[in-house]
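The structure appears right after this line, and notes come after that.
Residue numbers (the numbering used here): 411 to 755.
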């Protein structure tokens with residue numbers, strides 16, 4: 411394994427416990443070490459075979475400035491997790507986050523925290539932390555049932571993950587367990603909805619697709635067209651870009667949901683106003699042969715058959731008579747082509 415170093419990266423951000431720190435902001439300095447297999451890059455001289463440090467810098471900038479955290483410990487962890495989520499070649503991240511202007515009545519160079527993250531230990535939010543609304547509202551499931559009509563079983567993998575997390579009640583402790591194991595060799599199809607209405611919406615969708623592709627046990631299948639849609643519920647915000655992708659996965663539904671939530675967190679999504687703006691939104695719509703309704707997860711995703719911004723891209727890649735019929739019945743006046751495309755990894 412080789413290493414890439416980014417030393418002395420200065421970013422002005424708004425982290426700190428004191429109100430004035432979140433109001434006025436201050437300088438932060440990061441030293442970042444990325445461990446990755448760069449043998450292909452050394453042999454081919456091809457940028458695609460390495461970790462693009464300019465792109466990593468943008469990821470760090472986005473995470474550092476996209477939220478206001480209290481602790482540099484949490485801030486450094488958010489940066490490390492985002493790098494692992496978005497750059498599949500990186501196996502280990504080490505970050506030293508320095509705070510030279512910390513509010514401390516003393517002469518000092520800086521205060522700092524140093525953390526390390528390995529890909530096998532990447533924390534992902536627990537599947538129970540389902541978005542309180544996302545772009546779809548949780549309600550009793552409807553629509554056609556896939557092959558199996560019983561409730562989602564607690565398979566051996568889920569049970570092992572629950573037992574492993576039982577000794578740590580924190581979300582971080584439980585999240586570390588979520589993607590430890592795959593659900594065996596059997597591959598299932600699943601459909602995931604993507605949405606964004608902050609920043610470069612098309613880039614956000616593609617970044618999420620590539621982040622999913624970097625996760626072991628997930629292979630990107632079909633990609634829908636990208637649609638621009640008017641917001642639902644809270645109108646005073648930018649239009650959304652929406653799409654749907656099909657993935658072939660060996661992850662269980664809950665593990666796949668956890669992967670989606672981890673990518674959302676890594677890309678800087680903040681959960682505030684219901685139906686409000688978001689940099690990225692990932693919703694698990696359908697999972698082959700699975701039906702369930704619980705506090706943690708509902709499949710098929712509730713009310714999806716009423717949402718034109720879900721049905722339009724879904725029917726691009728799933729020619730199911732039921733959903734095609736639903737698409738004909740819904741109001742599609744707020745949905746149009748976005749003029750951009752998803753890029754398949």
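Glycine included, C-beta positions come from ideal geometry on N, C-alpha and C.
It should be emphasised that the depicted structure is a prediction, and the values quoted were computed from it without experimental measurement.
The Cβ atoms of residue 720 and residue 614 do not sit closer than 8 Å to each other. Note that the C-beta distance between residue 509 and residue 521 is below 8 Å. Counting along the chain, residue 496 sits inside the alpha helix (DSSP H) bounded by residues 482-496. Counting of Cβ neighbours within 10 angstroms places residue 692 among the buried residues, the total reaching 16 or more. Contact between the stretch 601-613 and the stretch 729-739 is absent, with fewer than three C-beta pairs closer than 8 Å. Fewer than three Cβ pairs drawn from the stretch 427-435 and the stretch 642-661 lie within less than 8 Å of each other, which leaves the two stretches out of contact. Cβ atoms of residue 421 and residue 474 come within 8 Å of each other, at about 5 Å. In terms of CA proximity to residue 514, 426 leads the group 426, 635, 492.
With a threshold of 16 other beta carbon atoms within 10 Å, residue 429 falls short and is exposed. In the three-state DSSP reduction, residue 743 falls in the coil class, being neither helix nor strand. The three-state reading of DSSP puts residue 666 in helix, counting H, G and I together. By the Cβ test, the stretch 662-673 is in contact with the stretch 704-717, since at least three Cβ pairs between them sit closer than 8 Å.
Using a C-beta cut-off of 8 Å, the stretch 621-629 makes contact with the stretch 668-675, since at least three inter-stretch Cβ pairs fall below that distance.
Going by C-alpha positions, residue 730 is about 12 Å away from residue 715.
Of all alpha-carbon atoms in 702, 617, 634, the one lying nearest the alpha-carbon of residue 498 is that of 617. Distance check between residue 638 and each of 470, 443, 747, 423 places 747 closest, using alpha-carbon atoms only.
The shortest C-alpha to C-alpha distance from residue 649 to any of 630, 656, 687, 634 is the one to 687. In the structure shown, residue 654 falls within a strand segment according to DSSP collapsed to helix, strand and coil. Under the DSSP assignment, residue 606 falls outside any alpha helix (DSSP H), being part of the beta strand (DSSP E) whose first and last residues are 598-606. Going by DSSP, residue 631 is part of no alpha helix (DSSP H) but of the beta strand (DSSP E) stretching over 628-633. Runs of alpha helix (DSSP H) with 4 or more residues, each lying fully within the stretch 436-472, are found at 449-454, listed in chain order.
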